[in-house]
Structure formats: C-alpha cells, structure tokens
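Undergrad: Residue numbers (this note's numbering), protein chains in the order written: chain A, 286 to 537; chain B, 224 to 771. Can you read through this structure? Questions will come right after.
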C-alpha cells in the first residue's frame, strides 16, 4: 500500500531523511516514532506530496507520488501537526469543502459528516467559525475533514495531541476500526503508550535514518532483554538511555 | 524600572536577531525604508508645490498663510498617526501573543503597559518621519532655514507622537474597559483602514489636481483660534526659526515637553488601575463573539463539485474579511461622491463645452474600472498569498494547477465584473447616456476588467508574490522582487485600462460610431482577449511550480 525506496531529502547540506525504505501493507496501522527533529514530519510531507524528495521514490497504492500525484492524493488523507485551517469558514463548511474537493457524492458525504461530528461532539459548534474553536476542537474538525472523503491511506502527524481523553479514545477507536476495514494508517507520534497499544508495526527513525522496524515482538527480539517495553527500546535506539543515566547521576 | 529595562532589552534583542539572522527580514526592512523614502520625497514635493503655488512672500511669513498650509499637512499627518496609534494600541495591548504571558508573570500591569506604550511609540516613529517631516523640510528649503531648524524638528515631532500615542492608548483602554462590546471593537478595527484609505485617496487626488486640492484645503482647514491642539504647538515652535518671527520658542517647547511627559505618566497611572481589567474584558468579548457567530450561508449555495467548492470557499473567505469589505464600501462611496460632484458640476455649468462633459464622464468611468480592480485585489494579487498557511490543504488534495487557477480567476472575474457593471449601469442611468451605447460600453468594461484581473491573478501566482514555500512550515520571501512586481502591476494595469480610455473618448465624442472606429474597437478587444489568454497560460505555469 505504501512503499518507499531509498527516499532521501536534503535541505542544502543537511540530510533530513537518509535512504528510507519501508513497505506498509493494506489495513496496517503503522506507528512512526522518533525524537524531535528526527524527520517524521518530513517523511509524511514527502509521502503526501507536500515536498519533493531529493532522491528515491514513494508509491501509494501503486501510484508514484511524483509522477501520478493526483491519483495518489485522491486516495489519501493528511492530518498535519500544525493547525492551519480556513478560519473564516465554519466547521461544517470546511468539512463540506473537503468532501467536494475529493468529489464525494453529497448525500454520502453529508451522512458521513453528521456521523463524525456526532462521534466527536462537534454538532453544536459545527456552524460556528473555525477561528472561535479551541485547539482541541480545531484538531477534531480537521480529523472529521480528513475522514469525510473515506481515504484508503491516512497520514496522521500527532493526531491525539491536544485532545481531551474522551476524544483521544474516540480517535483511536475510529482509526482501529478503519484499519479493520482495510484502510492503511501511517501515524507519527510521541506518545509511546498509544503506539505500543494500537499499532500493528512500529518504525523508529533517528537523525533521518530508520533504525528499527517491526511488530512489538520483533522489536523486543532485537534487544537483549525481551521483557522491555517500547519506551526502553525507543530510548536505547535513539540514544536516550545516556540522558536518563545522566539525570540519575545528577539527582544522586 | 529594572523590569521594564529587561523587557525592552529582550525586545530589542528579538528585533535585532530577526534583522541579523533572517535575510528575509533584512530585505523586507530595506524595501520598507526605500518605500518610506519614496513617500517622504512625494510629500516633500507636494509641500514645495503647495508653498510655491500659494506664492508665499517673506512678508507673509508671520501671517496665517504658512500656518494654514502647514496645518493642512499636519492635520493629515496627525490623522494618520492617530490611526496607526489606535491600531498599534489595540494590537499591542490586547492581541499580541506575548501579552498573556506578560500579564501572567509577576509584573505589575503598569510595567506591561509602559513596555507596550514604548513599543507602540517606537513602531510609529517611522510613520512620524513620513507624515510630519516633509512639509517642514519643504518650508525649510523654501526659506533657506539653518540646520538647527531640522534638528529641532525631531524632538518637537517626537513629543507630539508621544502625546498622540499616550492619549489614544488611554482612550482605547477606557473604551475597552467601560464600553467593550463586539460592535465597538469591530468599529475601532474598521476605523483604522478607513482613515488609511481616505488619506491615500486624498493624497492621490491632491497629486492629480494640486491647485484645486490646495484651494479646497485652505478653505476648509483654517487654523483654529484656540491653542489647545498639540500639532499647532509644534507648528508655532518651528515657526520661531522663520525670519523676523515673533513667536516664543521656549513657551511652545516647554508646553510640548511638559504635556508629553504628563500625558504619558497619566496613561501609566490609568493603566495601573484599568489595564488588566480591560484586557480581561477584551478576551471575554473575543471569546463570546466567536461563539455567537453562527453562519448559515454555506458552501453548498453554489452547488457541489470540485471547482464550485473552491469558488464558494474563496467567496466566503473574501466576504468574511473585514478589511476587504471595508475597502469595497469606501471605494463605492468614492464612486458615489464622484458621481454626485460630477452631476453638480454639470448642473452648475462648471463644465463648459461638450469636451468638458466627456472628460468628466470618462474620468469617472476609468475610476470605476480602477476601483473594480482594486476591490478584488484580495482575490487576484493576494489570492495565493492568502492561501499560504492553508496551502497544504490544496497541495495534499487532488487539485490540479489548471483547476485551481481557473477557479481563482473565475471568482475574481465574477466579482470584479459584477462590481464594475453595477457601477457602470448607475453611471449610464445618471448621465443619461444613449441606449445605443449601453451594450458596447458594458462589453468593453467587461473585457477590460477580465483582462486586468487575469494579469493580476497571474502576478499573484508568482512564487515571490504568493510567498508559498515548499511546505506549510516555510514561506519564501523576496521583498525586492515583490515590490518590483507591485510596480510592474500598477504600470501594467494602467496600460491595460488605457484602451478603454481611448475607446471612451472616441465613442462618447462621436455618436453614432463610424465603421473604421467600430473596426478599431473590435480589433482592440480581440487583442485584449489574446492578452488575457497569455496571462491565463502564464499564471497556470507559475501555479504548476507552486503545486509540484
């Protein structure tokens, strides 16, 4: 469903992503982890056609994101980490706009929009301007707009940050349900607990390089102690163990 | 005081770092400074022209003529400074992102206010130079005044600026504290652009008809008898340098310094009592306003579908932009005022023969075409810049450059053509233009507007105009190229409107239109359509780069 081959992105002399090669299957929930500045958002931007890779290729459902961008974009949905929406549209107008952009028949999109608004507790505020929404509400309307066109592949950058526990749980449940229905989810997150609990496979990126990829079981096997949790594996792979030890020494 | 110094120091570091490390910022400042110099030179030129036209003699120097002339410029400058101060006070005191942080920190509200007041004064200093200095420079040159005249101008105008900013800040705080309501805040926000556009209009009119404008201003802006206006204190202080002057510099300078210090201290004292509460009220009004604003006019009004949804979205975003709507209202008022003045001129017999009538009609017609273009600049020149932050939505969606450009050009053309045609219909009715000419006039207006809109939209799609970066996090800024494109756009718009002007002279001058003229007009219009096609292709090409 998502395939990248030697995907590389350089900004001047700095290599943000270094020969990233992954394959993600249909219906898979893929967690993409990494410390700040590791290259998670850059990867998502390349996979959604927001930025051009310096080298390598990426395909979504067989469509090359560069050569067949429009076909690839028609089946994907993006939820970025930065909230930049049309602030002078109402929530409902924005979701409708997105549905029309993806040419979803109005009857179907209206029904789906109402369901999603209901699920995410947005019905009462759907006719208010987006600029009056709180951060969490903006995030939820963005999530609604991403799902309204029923994408086959979803790219989510920190989807649960800023959400209240109830909404975060709803989002996770919806995503899990979508995966069960065959949708592929590519999610970058800092919340390791979510990644550990909901993702089928996890990729860990550090300084632009993919340092590990696999299911939780496979990740544990690559380490010496098999009872380790994701946090410990993550820290070991990204160099966070030394930091933790330094804190320990300082506290002593 | 120590805390205020810390705040000022960090603010200075922030400004200097932005200037030092960001090349965009540096370029932007350079372009701004060039722009300021151009404006100063223009106002200086206008000042000299007015002084020369008024034929001031040295013997008049102590009379009221100079004071009246200076009063015209100073009144305009003070109005613009008041507008800038009000916008600055509203933004800095209530909307700046750091205000919440500062008020939450262990700083007394008076310190935060003092810091903000200094920021507003500092940010308006350049405005002071632009709007207050040029007429004095012109006067200094006119009478060959010594160098210390120019030196004294700086503290005198600075004191005036301090008085204006402090008074406006007090007024803003009082309004927000005691009369804060959504309509009031809206009114204050609309007032700024209104004054700005009106000042621009007045200046442009006075450049076009300096003699009439000068006479009109001299008649209407006579120096009042009383001495309570601070800008008159500056005028009287500076006039002490004129030969054989009998004004007392010490009195006016003392008054300026004393009042500016007094008013600024008073503003800080008032702020210590009401600033924090007014900030709370402003936040509450903002929050309530957002919740109340339910909109029923939806995207589906123009039907569903890719292009129609982009059209409707652009239209809604445009219509809900307060500044753009204010501009349209002001421009419409200008058109109506122009029509009323023209009618009264004709009725009073001010316009002599047929040629005079025609030049008045055509002048107004060109004005309508120009306003039709200006009113939709947000949909043409600013169409893609307005999308810079939300560009990711279109870029990550299945939107082709052709579709996007088509939708942008379509909405701008529809709005502009609707505006110009409505105004032209009114024009045709009011001036009782022969019915035979209605269709040709409206066709030419439509084709001309469509071509100019295509050009402006194509310019708006250029990367340095759109300022859209590779991703939604960055944006390319090239202020020098941007300014060059603005100048090119103004020149090209004038050039594209000129066939309509020429055509208007031919048609209104001779009725019925002869065959060769008809052919000439038809050929011009065919060329205009060809030019439109050219702009359409070039815009699409630019957009392809932005979307790839």
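Cβ atoms here follow ideal geometry from the backbone N, Cα and C, with glycine treated the same way. In this text, all values refer to a predicted model and were calculated from it rather than measured experimentally.
Of all the options A/291, A/315, A/320, which has the alpha carbon lying nearest to the alpha carbon of residue 516 of chain A?
TA: The shortest C-alpha separation from residue 516 of chain A is found at A/320.
Undergrad: With 8 angstroms as the threshold, decide whether the Cβ of residue 629 of chain B is near any Cβ in chain A.
TA: Output row for residue 629 of chain B: interface = no.
Undergrad: Using a Cβ-Cβ distance under 8 angstroms, would residue 343 of chain A count as near chain B?
TA: So no, residue 343 of chain A is outside the interface.
Undergrad: So, residue 309 of chain B versus residue 415 of chain B, is the Cβ gap smaller than 8 angstroms?
TA: In contact: residue 309 of chain B and residue 415 of chain B (Cβ atoms closer than 8 angstroms).
Undergrad: Can you give me the start and stop residues for the beta strand (DSSP E) that residue 570 of chain B sits inside?
TA: Per DSSP, residue 570 of chain B belongs to no beta strand (DSSP E); it is in the alpha helix (DSSP H), 545-570.
Undergrad: Give the straight-line distance between the Cα atoms of residue 304 of chain A and residue 341 of chain A, rounded to the nearest whole angstrom.
TA: Looking at the two C-alpha atoms, the distance is approximately 7 angstroms.
Undergrad: With burial defined as no fewer than 16 other Cβ atoms inside 10 Å of the residue's Cβ, what is the status of residue 545 of chain B: buried or exposed?
TA: Flag for residue 545 of chain B reads exposed.
Undergrad: When the cut-off is 8 angstroms and only beta carbons count, does residue 371 of chain A lie next to chain B?
TA: So, interface residue.
Undergrad: Since residue 543 of chain B meets chain D, which of its residues come closer than 7 angstroms, beta carbon to beta carbon?
TA: No chain D appears in the structure shown, which is made up of the protein chains A and B.
Undergrad: Taking only beta-carbon atoms, is residue 387 of chain A less than 8 angstroms away from chain B?
TA: Taking Cβ atoms only, chain B reaches closer than 8 angstroms to residue 387 of chain A, which makes this a yes.
Undergrad: Quick one: is residue 338 of chain A near chain B, going by C-beta distance under 8 angstroms?
TA: No, residue 338 of chain A lies away from the interface with chain B (no Cβ there is under 8 angstroms from its Cβ).
Undergrad: Please specify which runs of the beta strand (DSSP E), each continuous and at least 3 residues long, are wholly inside the region 635-699 of chain B, giving them in chain order.
TA: Entirely contained in the region 635-699 of chain B, not one beta strand (DSSP E) run reaches 3 residues.
Undergrad: Would you tell me roughly how many angstroms separate the C-alpha atoms of residue 285 of chain B and residue 298 of chain B, rounded to the nearest one?
TA: Reliability fails at residue 285 of chain B, whose pLDDT of 49 lies under 50, so the model's placement of it is uncertain and the value that follows must be treated cautiously. Residue 285 of chain B and residue 298 of chain B: Cα-Cα distance of roughly 20 angstroms.
Undergrad: Enumerated in chain order, which unbroken segments of the beta strand (DSSP E) with a length of 3 residues or greater are wholly contained in the region 441-504 of chain A?
TA: Counting only runs of 3 or more, we get 469-473, 486-491, 494-499.
Undergrad: At what residues does the alpha helix (DSSP H) containing residue 393 of chain A begin and finish?
TA: Residue 393 of chain A -> alpha helix (DSSP H) spans 391-404.
Undergrad: Answer yes or no: does any C-beta atom of chain B fall closer than 8 angstroms to that of residue 365 of chain A?
TA: Chain B, which has a Cβ nearer than 8 angstroms to the Cβ of residue 365 of chain A, makes this yes.
Undergrad: For residue 281 of chain B, collect the residues of the same chain with a Cβ closer than 6 angstroms to its Cβ; drop the 5 residues on either side in sequence, then sort them by chain order.
TA: Interpretation of residue 281 of chain B is limited by its pLDDT of 48, a score under 50 that renders its predicted location unreliable; the figure taken from the coordinates is listed afterwards. If we look at residue 281 of chain B and ignore the five residues flanking it on each side, it has no Cβ neighbours.
Undergrad: Output the distance between the C-alpha atoms of residue 757 of chain B and residue 330 of chain A, rounded to the nearest integer angstrom.
TA: Near 33 angstroms, if we compare the C-alpha coordinates of residue 330 of chain A and residue 757 of chain B.
Undergrad: At a CB-CB cut-off below 7 angstroms, which residues of chain B make contact with residue 523 of chain A?
TA: Result: empty, since nearest Cβ-Cβ is about 23 angstroms, beyond 7 angstroms.
Undergrad: Would you mind giving the Cβ-Cβ distance between residue 683 of chain B and residue 599 of chain B, rounded to the nearest angstrom? I have them listed as a contact below 8 angstroms.
TA: 11 angstroms between Cβ atoms; not a contact.
Undergrad: What does a CB cutoff of less than 7 angstroms around residue 386 of chain A pick up in its chain, not counting 5 residues either side in sequence?
TA: None.
Undergrad: Got a sec: is the Cβ-Cβ distance from residue 334 of chain A to anything in chain B below 8 angstroms?
TA: At least one chain B Cβ lies under 8 angstroms of residue 334 of chain A.
Undergrad: Find the nearest neighbour of residue 359 of chain B within the set B/271, B/231, B/645, judged by alpha-carbon distance.
TA: The shortest Cα separation from residue 359 of chain B among B/271, B/231, B/645 belongs to B/271.
Undergrad: Check whether the region 445-464 of chain A touches the region 376-396 of chain A, taking contact to mean three or more Cβ pairs, one atom from each stretch, closer than 8 angstroms.
TA: Contact between the region 445-464 of chain A and the region 376-396 of chain A is absent, because fewer than three Cβ pairs lie under 8 angstroms.
Undergrad: Using alpha carbons as the reference points, say which of B/398, B/260, B/494 lies closest to residue 349 of chain B.
TA: That would be B/260, whose Cα lies nearest to the Cα of residue 349 of chain B.
Undergrad: In the DSSP assignment, the alpha helix (DSSP H) including residue 354 of chain A goes from what residue to what residue?
TA: Element bounds for residue 354 of chain A: 354-359.
Undergrad: Any residues in the region 591-625 of chain B with a beta carbon nearer than 7 angstroms to a beta carbon of chain A? Which ones, in chain order?
TA: Listed by position along the chain: 612, 613, 615, 618, 619, 620, 621, 622, 623.
Undergrad: Answer yes or no: does any C-beta atom of chain B fall closer than 8 angstroms to that of residue 515 of chain A?
TA: By this cut-off, residue 515 of chain A is not an interface position.
Undergrad: Whole angstroms are fine: how far does the CA of residue 495 of chain B sit from the CA of residue 398 of chain B?
TA: Looking at the two C-alpha atoms, the distance is approximately 16 angstroms.
Undergrad: If you follow the beta strand (DSSP E) that residue 301 of chain A is part of, which residue opens it and which one closes it?
TA: 299-309 is the span of the beta strand (DSSP E), which, as asked, contains residue 301 of chain A.
Undergrad: If we cut at 8 angstroms on Cβ distances, does residue 719 of chain B have a partner in chain A?
TA: No, residue 719 of chain B does not count as interfacial toward chain A.
Undergrad: Please classify residue 612 of chain B: does DSSP put it in a helix, a strand, or coil?
TA: If DSSP states are grouped into helix, strand and coil, residue 612 of chain B belongs with coil.
Undergrad: Along chain A, which residues have their Cβ under 8 angstroms away from the Cβ of residue 540 of chain B?
TA: Neighbours of residue 540 of chain B on chain A, chain order: 371, 373, 374.
Undergrad: What separation, rounded to the nearest whole angstrom, lies between the Cα atoms of residue 493 of chain B and residue 368 of chain A?
TA: Their Cα atoms are separated by approximately 38 angstroms.
Undergrad: Closer than 7 angstroms to a non-hydrogen atom of the ligand PLP - does that hold for the CB of residue 601 of chain B?
TA: The ligand content of the structure shown is nil, which means the ligand PLP is not present either.
Undergrad: Starting from the Cα of residue 307 of chain A, find the closest Cα among A/299, A/301, A/300, A/287 and give me that residue.
TA: Selected option, being the one with the closest Cα: A/287.
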